[in-house]
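Visitor: Mind the numbering: the sequence shown is residues 15 to 326 in the working numbering, read in order.
Ideal Cβ placement from N, Cα and C applies to all residues, glycine included.
As the structure is a computational prediction, the values presented were derived from the model and not from experiment.
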Amino acid sequence: MELIRGLHNLRPRHRDCVATIGAFDGVHLGHQAVLRHLQSKAAELGLPSTVIVFEPLPREYFSPLQAPARIMSFREKFRAMEALGIDRLLRIRFNERLRAMTAQQFVEQVFVEGLGVKYVVLGDDFRFGNDRQGDVQYIQQQGEIHGYDAGPTPTREWDGSRVSSTRIREALENADFDRAEEMLGRPYSIAGKVIYGRQLGATIGTPTANLELRRLRAPLAGVYAVEVNGAGLEAARGVANVGVRPTVEDSIKANLEVHLLDRQIQLYGQHIEVTFRHRLRDEKKFGSLEELKENIARDIASTRAWFEQRPA
């Protein structure tokens, strides 16, 4: 899949395509329905499929500390769409210039002049433009003027309600991983590159792999039984902490640390994927490193017990 980094990198070869636009946080079943619609139309017309996303997400730009926690990083989103067979991903930086654009200006500058779209696929609830005019009906009306067609994708429902990133965040916050998996179409995981941390885990006998989350906040927090894949690992059991490490530092940025059970492996610089299976407890601030060490030992024991009792 080709990544186009900004409108200024659009070239004549990027014109004549079938496009969609959205946040696609989680690339859940609802998003997948939009992407299948996109690919179907692209195949029908013999054109490449193009997905348009914003970075940062608009709500992150306006209010980063109050914006919803990201289900996935941009890199994870890219990999998920690549796996689905999307041809191109156009990443547009959300800034003051873009914020000020009306829906009409966006249609003209991005869909028409930039991409020369022949068909636009939209989720039935998506809106854009500083005037919030950019919905399915508006896109169809503009298509009559500019010579492209457009159509909505029906809402995907699960358990009586629309599948949404908000519902998935709620499921993750409540550690309802089965419910999140049903809406995502896959188990929930966080993938990232292992970086050097403070080496505290190694000094207290429980070395951890520290992941770059590439987001201000994660959609879940606490201590979890997990499975780790990548870097030669396959469903390796571990215990993970997601949070802000209140015992050892004062920070608001989320961290993910994983301790592998019964393994000593060098992971620095490697990309791994951590799949969340069971919540053990909330993140806590302990009075000393000795108390932290004792609780980590209990977490490891609880993780072992959960995997041993886990239904087949």
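Going by other Cβ atoms of all chains shown within 10 Å of its Cβ, with 16 needed for buried, is residue 156 buried or exposed?
Guide: Buried, because 16 or more other Cβ atoms sit within 10 Å of the Cβ of residue 156.
Visitor: Leaving out the 5 sequence neighbours to the left and right, which residues in its chain are closer than 6 Å to residue 209 when beta-carbon positions are compared?
Guide: Cβ neighbours of residue 209 beyond the five flanking positions: 224, 226.
Visitor: What runs of the beta strand (DSSP E), each 3 residues or longer, lie entirely inside the segment 170-238?
Guide: Whole beta strand (DSSP E) segments, 3+ residues: 203-209, 223-225.
Visitor: How is residue 77 classed by DSSP in three states: helix, strand or coil?
Guide: Residue 77: coil per DSSP, three-state reduction.
Visitor: Please report how far the alpha carbon of residue 170 lies from the alpha carbon of residue 47, in whole angstroms.
Guide: Going from the Cα of residue 170 to the Cα of residue 47 covers about 7 Å.
Visitor: Would the segment 119-129 count as touching the segment 27-47 if we require 3 or more Cβ pairs under 8 Å?
Guide: The segment 119-129 vs the segment 27-47: in contact.
Visitor: Opposite residue 106 in the DSSP bridges: which residues?
Guide: Partner(s): 68.
Visitor: Just checking my contact of residue 65 with residue 133 at CB under 8 Å: how many whole Å lie between their CB atoms?
Guide: Not confirmed; about 13 Å, so no contact.
Visitor: Check whether the segment 40-56 touches the segment 198-206, counting contact only when three or more Cβ pairs, one atom from each stretch, lie closer than 8 Å.
Guide: Enough Cβ pairs lie closer than 8 Å, so yes.
Visitor: Using the C-alpha atoms, what's the distance from residue 315 back to residue 322?
Guide: Answer to the nearest angstrom: the Cα atoms are 11 Å apart.
Visitor: Cutting at 6 Å between CB atoms, please list the residues of its own chain near residue 271, excluding the five before and the five after it.
Guide: Closer than 6 Å at Cβ, skipping near neighbours: 222, 224, 255.
Visitor: Of all the options 83, 45, 186, which has the alpha carbon lying nearest to the alpha carbon of residue 327?
Guide: There is simply no residue 327 to check, as the chain begins at 15 and stops at 326 in what is shown.
Visitor: Quick check on residue 291: does DSSP put it in helix, strand or coil?
Guide: Reduced to three states, the DSSP call for residue 291 is strand.
Visitor: Thinking residue 243 and residue 195 are a contact (beta carbons under 8 Å), I'd like their distance in whole angstroms, please.
Guide: About 16 Å; that fails the 8 Å criterion.
Visitor: Does the Cβ of residue 99 have 16 or more other Cβ atoms within 10 Å, making it buried, or fewer, making it exposed?
Guide: That one is exposed.
Visitor: Would you say residue 197 and residue 101 are within 8 Å of each other, going by their C-beta atoms?
Guide: Contact flag unset, no.
Visitor: Am I right that residue 12 and residue 175 are in contact with their C-beta atoms under 8 Å? What's the rounded C-beta distance?
Guide: Outside the shown range of the chain, which is 15 to 326, sits residue 12, and nothing can be said about it.
Visitor: Does DSSP classify residue 144 as helix, strand or coil?
Guide: Reduced to three states, the DSSP call for residue 144 is coil.
Visitor: Got a sec? Which residues, its chain only, sit under 7 Å from residue 261 by beta carbon, not counting five neighbours each side?
Guide: Since pLDDT at residue 261 reaches only 43, below the 50 mark, its modelled position is unreliable, and no value is offered.
Visitor: Buried or exposed: which applies to residue 143, given that a residue is buried once 16 or more other Cβ atoms fall within 10 Å of its Cβ?
Guide: Buried, because 16 or more other Cβ atoms sit within 10 Å of the Cβ of residue 143.
Visitor: As a quick exercise: from 188, 85, 277, pick the residue whose alpha carbon is nearest that of residue 247.
Guide: The residue with the shortest Cα to Cα distance from residue 247 is 277.
Visitor: To which residues of the same chain is residue 114 closer than 7 Å at the C-beta, ignoring the five residues directly before and after it?
Guide: Same-chain partners within the cutoff: 144.
Visitor: Name the residue from 51, 103, 55 whose alpha carbon lies nearest to the alpha carbon of residue 20.
Guide: Nearest C-alpha to residue 20: 103.
Visitor: What is the DSSP secondary structure of residue 128, reduced to helix, strand or coil?
Guide: In this structure, residue 128 counts as helix in the three-state DSSP scheme.
Visitor: The beta strand (DSSP E) that contains residue 32, what's its start and end?
Guide: Residue 32 -> beta strand (DSSP E) spans 32-35.
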